[in-house]
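Participant: The following block contains the structure, expressed as C-alpha cells.
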Amino acid sequence: MLLITFVVLFVLPAVESDVATKPAPPRPLSYRPNNPCCWPKPRNCADLYRSGVHINGVYHIYPLREDQPAAVFCDMTTDGGGWTVFQKRFNGEVDFYRGWNDYKIGFGSVFREYWWGNDKLHQITSQEPQQLRVDLSDFSGLSRFAKYSSFGVGDAAGKYRASVGGYSGNAGDSFSFVNGMRFSTKDVDNDIYPKSCAQIFKGGNWYTKCHGSNLNGLYKHGKTTTYADSMCWNAWHGYYYSLQTSEMKIRPVNF
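Residues -17 to -1, 1 to 238 (mature numbering (1 follows the signal peptide of the UniProt record, and there is no 0)) make up the sequence shown, in order.
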C-alpha cells in the first residue's frame, strides 16, 4: 500500500488576506514535488480524500493546471468528507461587500473567512458534475444544512452563470432560485431587477429579483432591523436574521 507524503512548501497564497496585521497562519500542506506516489495531482478535495487524506485542513489542489497550486480548506468529515469549501464565514472579520474582480479571483484567507474565486469555481465544476452543500448555524447554537444534487458555475464570458437543483436537507430551499442566473456585484449588475440587487443587499451573489439567501451579505448578529441585507437564509430564520456561520462546499456527484 502506497503512503502519501506531505511537506510544507512556500507558495504564493491562493487568495489574498484581509487580516495582514495578524500572525501568519501555517502554510498549506502540499504534495512533495516529483514524488511518484502523488501523481496525478489532486484537482479537488475529493481526490485528496480518495488518496487517504481524511483530516480537515487547508491543502493545495490543482483545479487549473498541475503546475498551478491553489490553497483551499477541505472538509474531510462532514457527510462523508471530500468537500472543497469555496465560501466560509464565522465572525465577520472579512468584508464581503466587494467588486467584480475580487469575486473573480477570490479574497480573504483560506485559514479564516474567504471567497475562493469564481474562476476557480468555474474550473472545478466544469471538470465533472458537482453537488453542493451549504452548512449554516445561528447564534443559538442550532445548525442546518441544504444540499443540492447538482451545481455548476459558467465561465467569465457568461458572467459565471449558475446551475443548481435537487434540494434536500433541513434548512429549507433558499438557493434553487439562482438557477440560470448570472453573478452580480456592487459594480457589475447582472440581475433581472430594475435596480442593483448587489447594491441594495450589500453582497455578491447570483441575484434574481433579488434573493432567497444572501450568504455574502453584511455580517450582523442575530435579529436585524434592516431587510434582507445581512447573511440570511430566508427559509430558516427569514430576512430579518443574520446567521453566525456559513460554509458553501462542493464535491463530485460520483464521490
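Glycine is no exception: its CB is placed at the ideal position from the N, C-alpha and C atoms. On a predicted model such as this, the values are computed, not experimentally measured, just so you know.
1. Roughly how many angstroms lie between the CA atoms of Pro16 and Ser34, to the nearest whole one?
2. With distance defined between alpha-carbon atoms, name the residue in Ser120, Leu198, Asp156, Arg48 nearest to Gln106.
3. Does the separation of the CB atoms of Phe158 and Ala29 fall below 8 Å?
4. Quick check: the Cα distance between Pro235 and Asn153, rounded to an integer number of angstroms?
5. In the DSSP assignment, find the beta strand (DSSP E) that holds Trp66 and state where it starts and stops.
6. Nearest CA to the CA of Trp219: which residue from Thr209, Val147, Gly205?
7. Please state the DSSP three-state secondary structure of Gly91.
8. In this structure, how does DSSP classify Ala154 when only helix, strand and coil are distinguished?
9. Between Lys203 and Met214, what straight-line distance do the alpha-carbon atoms span, to the nearest angstrom?
10. Going along the chain, which residues of its own chain have a beta-carbon closer than 6 Å to the beta-carbon of Gly135, five neighbours each way excluded?
11. Counting pairs of Cβ atoms below 8 Å between the segment 108 to 126 and the segment 221 to 235, do you hit three or more?
12. Is DSSP giving Val55 helix, strand or coil here?
13. Between which two residues does the beta strand (DSSP E) carrying Gln114 extend?
14. Are Asn199 and Trp98 touching if we call contact CB-CB under 8 Å?
15. Is it right to say Tyr143 is buried, meaning 16 or more other beta carbons lie within 10 angstroms of its own, or is it exposed?
16. Here's the rule: buried if 16 or more other CB atoms are within 10 angstroms of the residue's CB, otherwise exposed. What is Ile44?
Facilitator: On the basis of the data shown:
1. Here residue 16 refers to the residue found at position 33 of the sequence shown. Here residue 34 refers to the residue found at position 51 of the sequence shown. Caution is warranted here: a pLDDT of 40 is assigned to Pro16, below 50, making its placement in the model unreliable, and no coordinate value can be reported.
2. Taking the first residue of the sequence shown as 1, we reach residue 106 at position 123. Of the candidates Ser120, Leu198, Asp156, Arg48, the one whose C-alpha sits nearest the C-alpha of Gln106 is Arg48.
3. On the sequence shown, residue 158 is found 175 positions in, with the first residue counted as 1. On the sequence shown, residue 29 is found 46 positions in, with the first residue counted as 1. No; because the gap between Cβ atoms is not below 8 Å, this pair is not in contact.
4. Counted from its first residue, the sequence shown places residue 235 at position 252. Counted from its first residue, the sequence shown places residue 153 at position 170. Cα-Cα distance, rounded: 21 Å.
5. As a working mapping, residue 66 is identified with position 83 in the sequence shown. Its beta strand (DSSP E) spans residues 66 to 72.
6. Position 236 of the sequence shown, counted from the first residue, corresponds to residue 219. Comparing C-alpha distances from Trp219 to each of Thr209, Val147, Gly205 shows the shortest one belongs to Gly205.
7. Taking the first residue of the sequence shown as 1, we reach residue 91 at position 108. Residue state, collapsed to three classes: strand.
8. Stepping through the sequence shown from its first residue, residue 154 is reached at position 171. DSSP places Ala154 outside both helix and strand once states are collapsed to three, so it counts as coil.
9. The sequence position of residue 203 within the sequence shown is 220, counting from 1. The sequence position of residue 214 within the sequence shown is 231, counting from 1. Those two C-alpha atoms are separated by around 7 Å.
10. Along the sequence shown, read from residue 1 onward, the residue named residue 135 stands at position 152. The beta carbon of Gly135 is closer than 6 Å to those of Thr108, Ser146 in its chain, skipping five residues each way along the sequence.
11. The segment 108 to 126, when compared against the segment 221 to 235, does touch it at the 8 Å Cβ threshold.
12. Locating residue 55 in the sequence shown gives position 72, counting from the first residue. If DSSP states are grouped into helix, strand and coil, Val55 belongs with the strands.
13. Within the sequence shown, residue 114 is the residue found at index 131, counting from 1. It spans 113 to 120 - the beta strand (DSSP E) in which Gln114 sits, taken as one unbroken run.
14. Here residue 199 refers to the residue found at position 216 when the sequence shown is read from its first residue. Here residue 98 refers to the residue found at position 115 when the sequence shown is read from its first residue. Going by C-beta atoms, Asn199 is nearer than 8 Å to Trp98.
15. The residue you call residue 143 lines up with position 160 of the sequence shown. Answer is buried; the Cβ neighbour count reaches 16.
16. Here residue 44 corresponds to residue number 61 of the sequence shown, with the count starting at 1. By the beta-carbon neighbour count (other beta carbons within 10 angstroms, threshold 16), Ile44 is buried.
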